[in-house]
Amino acid sequence: MKFFLAFTSMMMSLSIFAQDIDCSSYNPKFYPNKSLDDIEKVLSRYEHVGRYPVVGKTTCRIKYSTKDYEAKIARKDKEAGSAKVSVESHGIKFKNESPELIKIFEKLTTKENFIVSDDEHNFTSKCDKVLCAVKEIFGDDVGPRILYIHQEYGLNASYLSFRDADNWQKDELDLMLWGLEDLPRGMLPLEDNRSFVKMQKGMTYKMYSGSGGCVGANAELRFFDCLWNNFGSDLNRMAVLAHEVAHFVGHKLNADNSSEWEDLSGWESEMSFENYDLKTEWSKSEDACFFSTYGQTNPAEDFAEAFVAYRYVADEYKKECPEKYQYLRDKVFNGIEFTKDKKYCEKRDQVKFELTRSQKIQMFLPF
Numbered sequence: 003m004k005f006f007l008a009f010t011s012m013m014m015s016l017s018i019f020a021q022d023i024d025c026s027s028y029n030p031k032f033y034p035n036k037s038l039d040d041i042e043k044v045l046s047r048y049e050h051v052g053r054y055p056v057v058g059k060t061t062c063r064i065k066y067s068t069k070d071y072e073a074k075i076a077r078k079d080k081e082a083g084s085a086k087v088s089v090e091s092h093g094i095k096f097k098n099e100s101p102e103l104i105k106i107f108e109k110l111t112t113k114e115n116f117i118v119s120d121d122e123h124n125f126t127s128k129c130d131k132v133l134c135a136v137k138e139i140f141g142d143d144v145g146p147r148i149l150y151i152h153q154e155y156g157l158n159a160s161y162l163s164f165r166d167a168d169n170w171q172k173d174e175l176d177l178m179l180w181g182l183e184d185l186p187r188g189m190l191p192l193e194d195n196r197s198f199v200k201m202q203k204g205m206t207y208k209m210y211s212g213s214g215g216c217v218g219a220n221a222e223l224r225f226f227d228c229l230w231n232n233f234g235s236d237l238n239r240m241a242v243l244a245h246e247v248a249h250f251v252g253h254k255l256n257a258d259n260s261s262e263w264e265d266l267s268g269w270e271s272e273m274s275f276e277n278y279d280l281k282t283e284w285s286k287s288e289d290a291c292f293f294s295t296y297g298q299t300n301p302a303e304d305f306a307e308a309f310v311a312y313r314y315v316a317d318e319y320k321k322e323c324p325e326k327y328q329y330l331r332d333k334v335f336n337g338i339e340f341t342k343d344k345k346y347c348e349k350r351d352q353v354k355f356e357l358t359r360s361q362k363i364q365m366f367l368p369f
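According to my numbering, the sequence shown is numbered sequentially starting from 3.
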């Protein structure tokens, strides 16, 4: 492609559709070697894949009750089969409790970069079980969800663990779980105790704090005010989660910066110094296939948008960008597909993701 659509805000949807374009103003000299059909096709792209209408039809929309999550926690703990222990943690005396659940409780109640004992959280409670304790600390509905998210995905959603974090609301966590449950079972965790927190009101992503941009979340899986105030619908917010999880997965598997991935779009970089800062400018091949304008920013954003397209716009992505589709299928999702004929949502309980030997090796290679 020989042109790039720039937008004032990073996170606004491109609302142009091919059928709405005024084609009478088309002038070939501005788009050499491009047909009118090509121009319309590119202009009809959204800034983010998550804004494609089909996403609302391809998400599984999984939603469980608090009791469901409690049952899932108990079931997985039973499968672990560990001998029960009695131990005191953060002032709470647990009796005949699962050692795995106690370890999770300790992570949920220990501050990030914990150094001195004066910073330790201590509680006064009559609870002697972890489930009881997290309900008391985080809330009757939020506590079981936070415990489940750590047990199932290795993600720490506790405001007690991270600076400037806030406690979740039940509906907010249900939205996050909606997105997480759309992933193949077993894709996460890729890292133990990864942050997964809602930041306090007024907090913003420091990288863009001075630009006026609206950043809903970042690749550290920290979620900001903007996500709840400026993204319109839960579907849009869920898509933001998918995009940031894609960054996390791509980084851990070294899948978003591999030479193989960069070659698919002809990515090339040029580094320079500007105001004593090192800048990287990316260029791409003219015929590279993208499903969003934001994906044209650099290889990492290309990967994150491709990840979302592979999961939620699978049939269209497979047809339009077959080489990238194959890369995601073979190198990231390990053969799991989401095209209509695969009926993933109907069969999701039987679909199990497992890391390949190559992926396990990649996770321990330097970046």
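Ideal Cβ placement from N, Cα and C applies to all residues, glycine included.
Assuming residue i is part of the beta strand (DSSP E), what are its boundary residues?
i, result
"residue 281", "279-285"
"residue 275", "270-276"
Spatial neighbours of residue i within its chain, please: CB distance less than 6 Å, with the 5 preceding and 5 following residues excluded, ordered by chain position.
i, result
"residue 180", "240"
"residue 29", "Bear in mind that the predicted position of residue 29 carries a pLDDT of just 37, short of 50, making it unreliable; the figure below should be weighed with that in mind. Cβ neighbours of residue 29 beyond the five flanking positions: none."
"residue 72", "146"
"residue 60", "314"
"residue 64", "183"
"residue 346", "340"
"residue 236", "177"
If I measure Cβ to Cβ from residue i and keep anything under 7 Å in the same chain, skipping five residues before and after, which residues do I get?
i, result
"residue 165", "114"
"residue 158", "109, 110, 152, 195, 196, 197, 198"
"residue 129", "94, 135, 138"
"residue 254", "192, 193, 365"
"residue 140", "148, 169"
Taking all protein chains shown into account, do 16 or more other C-beta atoms lie within 10 angstroms of the C-beta of residue i, making it buried, or fewer, making it exposed?
i, result
"residue 286", "buried"
"residue 126", "exposed"
"residue 280", "exposed"
"residue 258", "buried"
"residue 178", "buried"
"residue 273", "exposed"
"residue 224", "buried"
"residue 200", "buried"
"residue 352", "exposed"
"residue 88", "exposed"
"residue 231", "exposed"
"residue 264", "buried"
"residue 107", "buried"
"residue 363", "exposed"
"residue 154", "buried"
"residue 161", "buried"
"residue 300", "buried"
"residue 112", "buried"
"residue 142", "exposed"
"residue 49", "buried"
"residue 234", "exposed"
"residue 295", "buried"
Do we get a CB-CB distance below 8 Å when we pair residue i with the residues of chain C?
i, result
"residue 232", "Among the chains of the structure shown, chain C does not appear; only one protein chain is present."
If you follow the alpha helix (DSSP H) that residue i is in, where does it begin and where does it stop?
i, result
"residue 378", "Outside the shown range of the chain (3 to 369) lies residue 378, about which nothing can therefore be said."
"residue 97", "Residue 97 -> not in any alpha helix (DSSP H); beta strand (DSSP E) instead, spanning 94-99."
"residue 136", "132-140"
"residue 200", "Taken as a continuous stretch (DSSP letters only), residue 200 belongs to no alpha helix (DSSP H), being part of the beta strand (DSSP E) at 199-201."
"residue 333", "First-last for residue 333: undefined, no H or E at that position."
"residue 115", "Segment: none, residue 115 is in no alpha helix (DSSP H) and carries neither H nor E."
"residue 301", "301-314"
"residue 76", "68-82"
"residue 262", "261-267"
"residue 1", "Missing from the structure shown is residue 1; the chain here goes from 3 to 369 and no further."
Consult DSSP for residue i and reduce its assignment to one of helix, strand or coil.
i, result
"residue 346", "helix"
"residue 339", "coil"
"residue 157", "strand"
"residue 89", "strand"
"residue 22", "Only weak support exists for where residue 22 lies, its pLDDT of 29 falling under 50; the coordinates are left without a value."
"residue 359", "helix"
"residue 54", "coil"
"residue 354", "strand"
"residue 147", "helix"
Ordered along the chain, which non-local residues of its own chain (more than five positions away) have a Cβ less than 8 Å from that of residue i?
i, result
"residue 244", "52, 181, 184, 309, 310, 313, 314"
"residue 341", "316, 317, 320"
"residue 262", "329, 333"
"residue 84", "100, 101, 102"
"residue 228", "13, 206, 216, 217, 218"
"residue 104", "87, 89, 91, 96, 132"
Any heavy atom of the ligand HEM within a distance shorter than 7 Å of the CB on residue i?
i, result
"residue 244", "Looking for the ligand HEM in the displayed structure turns up nothing, as the structure carries no ligands at all."
(message) I'd like the ranges of any beta strand (DSSP E) spanning at least 3 consecutive residues and lying wholly in the segment 162-197.
(response) none
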